[in-house]
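Shown next, in structure tokens, is the structure this report addresses.
Protein chains: 2
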Amino acid sequence: MEETADMMNSNFKLNNRDRAVLMKTPFLTSLTGNSLVRMMSTMSVVSLTNRKSIFREGEDADAFYCVLSGYVRLYQLNRDGREADIRICSPGDTFAECLLYGGTKYHHHAQTAEATTLARFDMQAVRDLAEQERDIAKAVITSLSKHLITTMDCVANDRLHTAPQRVANYILTRCPVDGGPASIRLPFQKNLLAGMLGLAPEALSRAFSTLRRTGVTVRGRVIQVGDVQALREI
Amino acid sequence: MEETADMMNSNFKLNNRDRAVLMKTPFLTSLTGNSLVRMMSTMSVVSLTNRKSIFREGEDADAFYCVLSGYVRLYQLNRDGREADIRICSPGDTFAECLLYGGTKYHHHAQTAEATTLARFDMQAVRDLAEQERDIAKAVITSLSKHLITTMDCVANDRLHTAPQRVANYILTRCPVDGGPASIRLPFQKNLLAGMLGLAPEALSRAFSTLRRTGVTVRGRVIQVGDVQALREI
DNA sequence: CGTCGCCTTGATGATCGTCAATACGCGTGG
DNA sequence: CCACGCGTATTGACGATCATCAAGGCGACG
Chain A
0 MEETADMMNS NFKLNNRDRA VLMKTPFLTS LTGNSLVRMM STMSVVSLTN
50 RKSIFREGED ADAFYCVLSG YVRLYQLNRD GREADIRICS PGDTFAECLL
100 YGGTKYHHHA QTAEATTLAR FDMQAVRDLA EQERDIAKAV ITSLSKHLIT
150 TMDCVANDRL HTAPQRVANY ILTRCPVDGG PASIRLPFQK NLLAGMLGLA
200 PEALSRAFST LRRTGVTVRG RVIQVGDVQA LREI
Chain B
0 MEETADMMNS NFKLNNRDRA VLMKTPFLTS LTGNSLVRMM STMSVVSLTN
50 RKSIFREGED ADAFYCVLSG YVRLYQLNRD GREADIRICS PGDTFAECLL
100 YGGTKYHHHA QTAEATTLAR FDMQAVRDLA EQERDIAKAV ITSLSKHLIT
150 TMDCVANDRL HTAPQRVANY ILTRCPVDGG PASIRLPFQK NLLAGMLGLA
200 PEALSRAFST LRRTGVTVRG RVIQVGDVQA LREI
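In order, the protein sequence lines correspond to chains A and B.
Residue numbers are given in numbering that gives the first Met the number 0: position 2 of the first sequence equals residue 1, and the series is strictly consecutive.
Residue numbers are given in numbering that gives the first Met the number 0: position 108 of the second sequence equals residue 107, and the series is strictly consecutive.
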């Protein structure tokens with residue numbers, strides 16, 4: 000484990016926080032010894048400023064990524080040029096890994112939504128590794144499974160819940176689970192949260208003001224909840 | 000290959016059509032020899048009439064399924080008891096396979112939407128197999144990947160397109176690709192199509208009548224398209 | 001203190017869900 | 001082959017929800 004840590008620091012300029020994030024991803028958290036080393040050797044680190052394109056729809060899919068810090072927006076365009084977010088990736092999230100065996104071209108656009116550091120994995124190299132090392136294949140499966148479940152939940156959430164309900168749900172997932180008052184801080188701009196929930200930014204604002212009567216106060220990025228239990232009733 | 004076919008017929012009462020469907024699923028299409036035999040030995044066939052529950056949200060996930068004939072509706076309920084379809088599974092589709100490594104309980108309800116025949120795979124048995132046989136792990140990955148891509152497309156479709164656009168898209172996926180007139184027959188009730196597209200049945204009807212001015216005629220389950228190319232412009 | 005960018009608020013319209021009534025298709029039985 | 005009846009589909013009316021456009025406020029940062 001010593002040498003892997005060294006390798007990561009020296010060869011790929013991973014700082015401690017980024018390395019910790021990377022090690023907790025479904026892809027790497029279960030790997031040990033040789034598998035981990037081989038996986039890390041296919042990786043490189045990419046740092047980008049805000050609003051930079053990572054890949055575009057239709058391009059050849061030669062890599063997938065894991066967010067180490069910052070945020071990434073996956074989105075698509077319709078014919079009129081309107082953008083719709085499909086997914087917001089936070090530190091620890093992996094994206095485009097479904098193209099390991101699901102196709103050869105990216106199906107959507109990816110863009111940073113903040114200054115962002117990414118781990119870049121070469122698609123073909125991981126494909127080969129997954130065929131050799133059982134635990135890597137298993138890690139891929141775990142990652143895909145979790146990802147699929149959250150995406151299906153996203154569909155259900157979109158189709159079942161109104162804007163205030165989606166916002167309440169989001170707040171609840173970020174709250175300590177007890178029933179009293181709570182305070183959380185958004186890790187990103189409201190713009191991003193809106194996209195995550197499938198809303199226009201204005202609709203998010205209105206949802207927040209609807210939730211005021213349920214004891215939710217918003218000031219900047221800080222959200223105060225009077226009674227967590229009351230929020231569950233929405 | 001002879002003995003596998005025999006085994007399937009005698010032990011599991013698979014008729015020819017169902018067997019052909021099963022062999023084309025991402026799970027089985029790439030398997031050969033021993034892997035295929037072992038996979039088939041974890042399978043059993045289930046036949047259900049219309050509107051029967053396959054599993055409910057929160058139940059222990061002890062199996063996943065592949066649709067051989069008929070249709071299955073995956074849906075969730077909100078607090079008011081309103082149902083929203085998450086996915087409609089057609090012959091050849093696999094569902095709940097994401098729970099192989101994604102959790103121990105079903106995340107939604109599954110119900111037949113017609114008289115339906117299913118292949119039932121024991122979750123733990125396939126988990127064990129995937130750890131032993133490389134090509135089974137790979138088959139799982141392929142299935143999950145494709146499934147994840149279509150689900151992400153579903154999110155994008157919901158967020159980007161209006162009801163008539165979604166219907167037009169659906170028709171186009173079912174059309175021979177040339178540009179002239181075409182005629183297709185829906186493989187199921189419009190109720191199901193509405194759920195697939197995230198619409199109420201009435202909204203589907205209205206979308207069809209909006210599309211009349213683009214040369215789309217609907218009579219029963221038969222849809223006539225005057226000009227496929229014109230439909231793409233929607 | 002000023003500027004810029006993000007967020008909020010208001011007004012408006014499009015879209016879609018819901019409820020209710022009617023029409024149609026399809027399978028059944030005569 | 002035709003008439004009947006049930007369930008599905010359509011249509012209308014209405015309201016709720018949400019996107020869009022435009023304008024104003026707030027906060028961050030120089």
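For every residue, glycine included, the Cβ atom is placed at its ideal position computed from N, Cα and C.
- Look at Asp121(A) here: in three-state DSSP terms it is strand.
- The Cβ-Cβ distance between Asp157(A) and Gly197(A) falls below 8 Å.
- Ala167(B) carries a helical assignment under DSSP once its states are collapsed to helix, strand and coil.
- Ranked by how close their Cα comes to the Cα of Val154(A), the residues Ser46(B), Val217(B) and Leu73(B) have Leu73(B) in first place.
- The three-state secondary structure of Leu128(A), taken from DSSP, is helix.
- A contact between stretches requires three or more CB pairs, one per stretch, nearer than 8 Å, and the stretch 108–123 of chain B fails this requirement with the stretch 156–170 of chain A.
- Listed along the chain, the chain B residues whose CB falls inside 7 Å of the CB of Gln75(A) are Ala155 and Leu159.
- The Cβ atoms of Glu96(A) and Val66(A) lie no closer than 8 Å to each other.
- Between the alpha carbons of Leu143(A) and Tyr169(B) lies a gap of roughly 26 Å.
- Not flagged as an interface residue toward chain B: Val217(A), since no C-beta distance is shorter than 8 Å.
- Following the DSSP letters along the chain, one finds Thr209(A) inside the alpha helix (DSSP H) bounded by residues Pro200 to Leu210.
- The C-beta of His106(A) comes closer than 8 Å to at least one C-beta of chain B.
- Taking all protein chains shown into account, Gly101(A) has 16 or more neighbouring C-beta atoms within 10 Å of its C-beta and is therefore buried.
- Nearest CB-CB separation between Cys88(B) and chain A: not below the 8 Å threshold.
- Of Ser89(B), Arg55(B) and Thr24(B), the smallest CA-CA separation from Gln75(B) is found for Arg55(B).
- Contact annotation: Ile85(B) and Val71(B) have beta-carbon atoms that are not nearer than 8 Å.
- At the C-beta level, Ala62(A) and Met22(A) stay beyond 8 Å of one another.
- Just measuring C-alpha positions, the residue of Asp59(A), Arg126(A), Lys137(A) and Leu13(A) sitting nearest Thr31(A) is Lys137(A).
- With three or more CB-CB distances shorter than 8 Å, the stretch 209–229 of chain B counts as touching the stretch 167–185 of chain B.
- Asp84(A): member of the beta strand (DSSP E) spanning Glu82 to Cys88, first to last residue.
- With respect to chain A, the C-beta atom of Ala62(B) has no partner C-beta closer than 8 Å.
- Annotation: the continuous alpha helix (DSSP H) that includes Thr150(A) extends over Arg133 to Leu159.
- DSSP lists Val221(A) as the bridge partner or partners of Arg184(A).
- Inclusion of Arg212(B) and Leu185(B) in the CB contact set at 8 Å is not warranted, their separation being larger than that value.
- Identification of chain B residues near Gly197(A) by a Cβ-Cβ cut-off of 9 Å yields Val154, Asp157 and Arg158, ordered along the chain.
- When Cβ-Cβ separations below 8 Å define contact, Ile222(B) makes no contact with chain A.
- Residue Ile135(A) holds the alpha-carbon nearest to the alpha-carbon of Thr28(A) among Met42(A), Ile135(A) and Val44(A).
- Taking CB atoms only, Tyr100(A) has a neighbour in chain B less than 8 Å away.
- For the stretch 128–145 of chain B, the residues whose beta carbon sits under 8 Å from a beta carbon of chain A are, in order, Ala129, Glu130, Arg133, Ala136, Lys137, Val139, Ile140, Thr141, Leu143, Ser144 and Lys145.
- Per DSSP, the beta bridge partners of Leu76(A) are Glu82(A).
- Contact annotation, Lys104(B) with Gly57(B): C-beta distance approximately 6 Å; criterion of less than 8 Å satisfied.
- Inter-residue distance for Asp92(B) and Pro175(B) is about 21 Å (C-alpha atoms, whole angstroms).
- For the options Ala118(B), Ala199(B) and Arg81(B), the alpha carbon positioned closest to that of Asn14(B) is the one of Ala118(B).
- Setting aside the 5 residues that flank it on each side, Thr216(A) is surrounded in the same chain by Gln223, each with a C-beta closer than 6 Å to its C-beta; the list follows chain order.
- Residue pairing by DSSP puts Val66(A) in a beta bridge opposite Leu117(A).
- Residue state for Asp177(A) is assigned as coil, using DSSP reduced to three classes.
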